[in-house]
Amino acid sequence: MTTPLLEAENLTVQYETANGMLTAVSDASFTINTSEYFGLVGESGCGKSTITKAALGGLDDNGRITAGKIRYKGEEIQDYTEKEFNEKLRWKEISWIPQGSMNSLDPLQRISEQAAMIARVHTDLSKDEAVERLREMFDIVGLPKERVTDYPHQFSGGMQQRAVIALALFLRPSLLIADEPTTALDVIMQDQVFKYLNEIKQDGEIGMLLITHDISLVFESCDRMSVMHAGQISETGTVETIYEEPHHPYTILLKEAFPDLRYPDRELGIIEGNPPQNMGEVDYCTFVDRCPWAVPECQEQAPSLEPVGGDEDHPVSCFRREEVLEEYRAENETVAQTGGDQ
Amino acid sequence: MTENAGPVLETQNLEKYFDQSTSIIDTLLRRENEKVQAVDGVSIALDSNESQGVIGESGCGKTTLLKTLMGLYQPTNGKILFKGNDTAEFGRKDWKEFRRNVQIIFQDPFDSLDPKLTIRETLEEPLKIHNISNVDERIVDILEQVELNPPEKYLDRFPRQMSGGELQRVSIARALILEPEVILADEPVSMLDVSTQASILNLLSELVDELDVSMFYISHDLSTVSYVCDRINVMYLGRIVESAPTSELLEDPQHPYSQALIDAVPIPDPKYNRGYTTLEGDVQNPVGIGDGCRFRDRCPDRMDVCEQTPKFIDVESDDDRKVACHLYYDHPQHTETAHTDEEQQEPEVSAQ
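Residue numbers (the working numbering), protein chains in the order written: chain A, 4 to 345; chain B, 937 to 1288.
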């Protein structure tokens, strides 16, 4: 088996707060393969951004990885120092498109200057080489090449977002982490950005970790995905598997809650309650209070990610993973027959 | 005010222009800056018990439209009619009556509730202002209606003790407690998570059906609007470019912009091959943009005639729909620009 590009193994991340240790990510495991687009979906506060920060050594001062491992191309990186992250990984191996990219460009520097600085810190490219590469990237993301010397304010929001993508790509990293890359954009602009991300994918040279709350973006643009709820990974699989055979109660309900433009008359599913705040060790399923299929066991210990139906590529963290989907379908049979057919 | 059987709330050719900031040099040279044409000739009519959506991208003027409807901005031109009465002629008493009957739900529940008032106080305030009795009873009723059960549990809470979904329910309760005739909702679910969003959307659409209330629902997100609204108006740069019943708009959009907007919405199905947008560029700034179709610079079907402002005409074969696009009518050497809906003519090309 080939080495995965990025691998998280039983990862736990905690933040130190005035009320004790807050567990943002609990026992999370997933792998991203080379040149694969991988989506991580969950509600706000579920720990998805924390995972990306942990992978880049960018956790806030009060946060740290308290257990588990992160491997990049087989090498453990969870104990890397700031210097190691800078020399080995950031920008040239793993680059990051942050949430709200408009605010992540330096307003006082031309884009080309920013690129030159990144290249100087992380590689031994000359300034001209760096700018030339940025020009190529501008072309790929659909911006006019000659505008590399513009200042950020000369671009519109969507163009700034694409400029950030160009910066994230120009050192040819193997992994692109995109944290809600289009949340601040309008739908047409969002579509333009994903059009370019999809074109870049065709070259097969880069993998992406896409963090979003929008499950339809993941379904459209990713190969595999994980669903997260309050720090725990609920389910992982190919997008087709998750779409057709979701086995975790949260995945099932999340899918039903999502509006689909094709069926405006369909009743939207509702997930009761709110995700909990996890303090200290998480020894329960974090979805238990919202789950219609919960059993006492769910309160007593945390379910681990186990293959469902013997499929190693489809792990689900639910004690009742083999029966919930069937129960759900039986309950909703009448609905499905009368129009919710998908 | 007099009663009348027509639309509850109606705008006729409504315009709202803003001045740009003028520097001292401009003032000295008596230079007039061009106006920002935020809302530019909008005519819509909301019938009782109807819910209409206005969708468009950020900057298209939808929030300005809402604020002008609410009376927070003075219209530059055009009329707002509430039950057939022109709001420009309203006196103090009429305005008070208007504000009781037209309520608003804001986008961000964290920002639009007073952090120092308990939920009871928040809901009490409008009742006091309008001298309505049986306050406690009404508050409990309305909390039950927005499904905050049991109401007693929430009455003495402060906004900081509640989640976003619960707060948005309080906002809805605050809007409904005066039993208004019209609700104006400005992106009420865009700050919420998907699981909460679904419950708020369901609640809104139930309440609109149950209670005697009409709603204008403003959003950039077509997929949520379509769950709540009977009719959708598509807005682009200050103008309504298309207006149609929800299902008809989604199935068969006429205006090239509506088509692009609908095509760009992601579909939660990995097998559905939607294809990406072919539209390039960005929305213009609505500053001094003069005449002509607002969408022409980005439009795949652009023609010479698009330099003229298209009429907002009925769609052939369906008088329930309107579209402002030159593709849909003949142009016998006419030059005038108009927003009026004159008699319909044959469409010369059918789009796609």
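No residue lacks a Cβ here, since even glycine has one placed at the ideal position from N, Cα and C.
The model shown is predicted, which means the values in this text are computed figures rather than measured ones.
Taking all protein chains shown into account, decide if residue i is buried (16 or more other Cβ within 10 angstroms of its Cβ) or exposed.
i, result
"Ala21/A", "exposed"
"Asn1169/B", "buried"
"Lys1052/B", "exposed"
"Leu1008/B", "exposed"
"Pro262/A", "buried"
"Pro1236/B", "exposed"
"Ile1065/B", "exposed"
"Glu39/A", "buried"
"Arg1175/B", "buried"
"Thr1023/B", "buried"
"Asp955/B", "exposed"
"Lys51/A", "buried"
"Thr254/A", "buried"
"Val298/A", "exposed"
"Lys148/A", "exposed"
"Leu950/B", "buried"
"Glu325/A", "exposed"
With a threshold of 7 Å between beta-carbons, can residue i be considered close to chain B, or not?
i, result
"Lys76/A", "no"
"Tyr246/A", "yes"
"Lys204/A", "no"
"Ala11/A", "no"
"Pro212/A", "As written in the sequence, residue 212/A is Leu, which differs from the Pro given in the question. Not one chain B Cβ lies under 7 Å of Leu212/A."
"Glu223/A", "yes"
"Ala260/A", "yes"
"Lys51/A", "no"
"Asp142/A", "no"
State yes or no: is the beta carbon of residue i nearer than 7 Å to at least one beta carbon in chain A?
i, result
"Leu1173/B", "no"
"Gln956/B", "no"
"Leu1215/B", "yes"
"Ser1126/B", "no"
"Ala1200/B", "yes"
"Pro1204/B", "yes"
"Asp1240/B", "no"
"Ala1134/B", "yes"
"Asp1218/B", "yes"
"Gln1288/B", "Because the pLDDT of Gln1288/B is 38, which lies under 50, any placement of that residue in the model is unreliable, and the question is left without a value."
"Asn1070/B", "no"
"Asn1209/B", "no"
"Ser1141/B", "no"
"Tyr1212/B", "yes"
"Glu993/B", "yes"
"Thr999/B", "no"
"Tyr885/B", "Absent from the model: residue 885/B. The displayed extent of chain B is 937 to 1288, so no value can be given."
Could you check the C-alpha separation between residue i and residue j for me, to the nearest Å?
i, j, result
"Lys1015/B", "His1262/B", "26 Å"
"Arg93/A", "Val124/A", "10 Å"
"Leu8/A", "Leu43/A", "16 Å"
"Ser1286/B", "Asp1254/B", "Low local confidence applies: a pLDDT of 42 at Ser1286/B is under 50, so the model's placement there is unreliable, with the coordinate-based value given in what follows. In a straight line, the C-alpha of Ser1286/B is about 14 Å away from that of Asp1254/B."
"Val1076/B", "Glu1088/B", "8 Å"
"Gln102/A", "Asp1250/B", "43 Å"
"Val116/A", "Asp131/A", "Reading off the sequence, residue 116/A comes out as Glu, not Val. If I take the Cα positions, the gap works out to 10 Å."
"Ala233/A", "Ser1150/B", "38 Å"
"Leu1017/B", "Lys952/B", "15 Å"
"Leu308/A", "Ser32/A", "8 Å"
"Tyr1090/B", "Met120/A", "54 Å"
"Lys198/A", "Val242/A", "18 Å"
"Arg1110/B", "Glu1057/B", "10 Å"
"Glu330/A", "Glu336/A", "10 Å"
"Gln948/B", "Asp983/B", "14 Å"
"Ile1108/B", "Arg113/A", "46 Å"
Report the CB separation of residue i from residue j in whole angstroms; it is logged as a contact under 8 Å.
i, j, result
"Thr53/A", "Asp182/A", "Not a contact, Cβ separation roughly 11 Å."
"Val196/A", "His1156/B", "Actually they do not touch by this definition, with Cβ atoms about 16 Å apart."
"Ile1154/B", "Glu1123/B", "6 Å"
List the residues of chain C whose Cβ lies closer than 8 Å to the Cβ of residue i, in chain order.
i, result
"His216/A", "In the displayed structure, chain C is absent; the protein chains listed are A and B."
Measuring only from the beta carbon, is residue i closer than 6 Å to any heavy atom that is part of the ligand ADP?
i, result
"Lys1258/B", "For the structure depicted, the ligand ADP is absent and the ligand set is empty, with no information on it obtainable."
Contact between the segment 1093 to 1106 of chain B and the segment 1125 to 1132 of chain B (3+ Cβ pairs under 8 Å):
yes
Is the segment 156 to 169 of chain A touching the segment 138 to 146 of chain A, taking contact as three or more C-beta pairs under 8 Å?
yes
Looking at C-beta atoms only, is the number of pairs between the segment 1137 to 1149 of chain B and the segment 1169 to 1182 of chain B that lie closer than 8 Å three or more?
no
Would the segment 74 to 85 of chain A count as touching the segment 147 to 155 of chain A if we require 3 or more Cβ pairs under 8 Å?
no
Kindly confirm or deny that the segment 988 to 1000 of chain B and the segment 1019 to 1039 of chain B touch, where touching means at least three C-beta pairs closer than 8 Å.
no
Quick check: the segment 959 to 977 of chain B against the segment 281 to 297 of chain A, are there 3 or more CB pairs under 8 Å?
no
Pairing CB atoms from the segment 76 to 91 of chain A with CB atoms from the segment 199 to 212 of chain A, are three or more of them under 8 Å?
no
At least three beta-carbon pairs within less than 8 Å, the segment 55 to 65 of chain A to the segment 216 to 227 of chain A
no
Three or more beta-carbon pairs under 8 Å between the segment 963 to 981 of chain B and the segment 1216 to 1230 of chain B, yes or no?
yes
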